[in-house]
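Some notes on the structure that comes next.
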Amino acid sequence: MAGKAGSDSDASIAKPIDAAEHAIAADTRAFVVGPYPARSLPGRAGAADENQRSHAARLDEAIGLAGAIDLQVVDAIQVMLSALRPATYLGKGKVEELAERVKLEEIGLVVMDCALSPVQQRNLEKAFGCKVIDRTGLILEIFGRRARTREGTLQVELAHLNYQKSRLVRSWTHLERQRGGFGFLGGPGETQIEADRRVIQERMTKIERDLETVKRTRSLHRASRKRVPYPIVALVGYTNAGKSTLFNRLTSAEVLAQDMLFATLDPTARALKLPHGAKILLSDTVGFISDLPTQLVAAFRATLEDAIEADVLLHVRDVSHEDTQAQAADVRAILRDLGIDPDDGQRVIEVWNKADLLGEGERERQAALAGLRPEASRPVLVSALTGEGMTRLTDAIEARIARSRPVYRLVLAPGDGKSLAWLHANGEILARSDGEDGALSLLVRLPPEREGAFAARFPEAEPER
């Protein structure tokens, strides 16, 4: 619904904010506004994404984000923009129209599905008479409630403080509000905004130090995990694509799996034995999303390190979603940013999930689309909810592992327990046959980084064809 054209009001000056001001109570009556360009606006990031993604789907996603923190969404609207207004983002007429709806429906929070400047946010709050948050603030709130590990909590707080720091906009043009003069809180004449910014920076510095300690511990854990000679298989995908449900289906674990955006924020890994005997470490990761705030991409890069280091990636897609292609494009773009080739069929398996939600005609269409791909990189149609397609998926995982990790045959002399222990520690014994003379015939799979040491220790071993 397009608003009337009109001139924007003069920018008001924002006041300093604190953490308490950002708290959002559950069940708050919320109004979700999707201000989307009627055409590509000059200089606006995300235009390519919006050319693919329908405005209705973007608004639905924003409503889902609001629901993820239990907001009571009582109204939602698309606003088509012909231009962005520097003071209020929206035109004056549309701001006045929305303000009437906010008052009429007793709205306590307006969610703007866009990135607002601090001045735009404050001007809209003044016009609407209630709190306003943008997409970044909403996602930060979700991440803050979902993070469970110490690192996740620290990363969220750091990202939130960084965002909050950018919201500190001067409230007065003269210095009637000052702190200091005594030397222990700041220099003489330190203004409130300077003091607030200094306090935030000090807290950020402390969190960064704490994170370094946590990261060192995690690096030790990762090094220990690398010594386990099993391939790492990581689940990646757009948020709410069903990664955690698939993780639970494969591992019988009880990872939080709900029809909720960002149900998983901290990485989760489980050991898993596949049907034909291959052992893997399966890792669930945070869901991707379009227009993810840049500070959160950096903050949660740690949760994606399992994906960066994985032998096999399962790109889980919700093929029942109307914007599945645009969502897949978002995921592929982020994978490229992480240095991963999303088109590497040897490493990446597309898992077309939620087949149970497809009608017969759509199921046949998806199967036909999958059949157009080369067999080595063909997607696997599954339903993590019902278990459909799980055998095909595990077969595909095992095939990728078999192609990426060499297998050797060798014979150990009777009583050579030291060599057997080395093989157990550095490789995976797939088959074992005990000879009458006590010799052991073994079939061993190795991670590529162990091949050199293996060849030096067992020069008589023969590669399996």
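The numbering of the sequence shown is this note's numbering, which starts it at 669 and goes up by one. No residue lacks a Cβ here, since even glycine has one placed at the ideal position from N, Cα and C.
Alpha carbon of R838 to alpha carbon of Q832, nearest angstrom: Because the pLDDT at R838 is just 42, under 50, the model does not fix this residue reliably, and the point stays unresolved.
Do three or more CB pairs link the stretch 799-806 to the stretch 814-824 at distances below 8 Å? no
Outcome for H1092 when other beta-carbon atoms lying within 10 angstroms are tallied against a minimum of 16: exposed
Do I1069 and the ligand MG come close, with the Cβ less than 7 Å from some heavy atom? You won't find the ligand MG in this model; it holds no ligand whatsoever.
Is it true that the stretch 974-984 meets the stretch 950-958, where meeting means three or more beta-carbon pairs spaced less than 8 Å apart? yes
Just to confirm the assignment, what range does the alpha helix (DSSP H) spanning D1063 have? 1058-1072
Excluding the 5 residues flanking I1065 on each side, which residues of the same chain have their C-beta closer than 8 Å to its C-beta? V901, L942, A946, I948, V980, L982, I1017
Would DSSP call F1126 helix, strand or coil? coil
Straight-line gap, L826 to L1078 (C-alpha atoms, nearest Å): Straight-line Cα distance between these residues: approximately 52 Å.
For A1089, which option in V1112, D1012, A755, E1104 has the closest C-alpha, if you only look at C-alpha atoms? V1112
Restricting to Cα atoms, I'd like to know which of G1103, N1094, D728 is closest to F1126. N1094
DSSP beta-bridge partners of I948: L940
Put R1100 into one of helix, strand or coil per three-state DSSP. strand
Bridge partner(s) assigned by DSSP for D828: Going by the sequence as given, residue 828 is His instead of Asp. For H828, which the question treats as bridged, DSSP gives no partner whatsoever.
Supposed close pair Q740, R697 - CB separation, criterion 8 Å: 5 Å
Among the residues of its own chain, which have a CB less than 6 Å from the CB of A1137, if the five just before and after it don't count? Shown here, the chain extends from 669 to 1133; a query on residue 1137 therefore has no answer.
Give, in chain order, every unbroken run of the beta strand (DSSP E) that is at least 3 residues long and sits entirely within the stretch 737-792. 740-749, 777-780
Quick one: using the 10 Å Cβ neighbour count with 16 as the cut-off for buried, is A687 buried or exposed? With a pLDDT of 41 at A687, under the threshold of 50, the modelled position of that residue is not reliable, and the figure given next carries that caveat. Its Cβ having fewer than 16 others within 10 Å, A687 is exposed.
Buried/exposed call for L772, threshold 16 Cβ in 10 Å: exposed
If you compare alpha carbons, which of A815, D878, I868, P1042 is closest to Q1014? P1042
Where I692 sits in the DSSP three-state scheme: Coil at I692, not helix or strand.
Within 10 Å of its beta-carbon, does S1109 have 16 or more other beta-carbons around it, so buried, or fewer, so exposed? S1109 should be labelled exposed.
Span of the alpha helix (DSSP H) around F915: 911-919
Return the chain-ordered list of same chain residues with a C-beta closer than 7 Å to the C-beta of R871, the five sequence neighbours on each side being excluded. Excluding sequence neighbours, R871 sits near L829.
Which residue's Cα is closest to the Cα of R1118: P899, L733, S722, R886? P899
Can you tell me which of A706, V1048, S912 puts its alpha carbon nearest to the alpha carbon of L749? A706
Continuous alpha helix (DSSP H) stretch holding L1006: start and end: Counting along the chain, L1006 falls outside any alpha helix (DSSP H), and DSSP gives it neither H nor E.
L1049 by DSSP, collapsed to three states: which one? strand
Across which residues does DSSP place Y906 in a beta bridge pair? F956
When the Cα atoms are used, what is the spatial distance from L1114 to R1068? 14 Å
Would you identify the three-state DSSP class for E1018, choosing helix, strand or coil? Strand.
By the DSSP assignment, the alpha helix (DSSP H) with A1038 in it spans what residues? 1028-1039
Rounded to whole angstroms, how far is the Cβ of I861 from the Cβ of L836, which I believe are closer than 8 Å? 5 Å
What residue range is occupied by the uninterrupted alpha helix (DSSP H) comprising A1093? 1085-1094
Helix, strand or coil for V867, going by three-state DSSP, please let me know. helix
7 Å CB neighbourhood of L1080 in its chain, flanking five on each side removed: Excluding sequence neighbours, L1080 sits near S1087, L1088, A1107, L1108, L1110.
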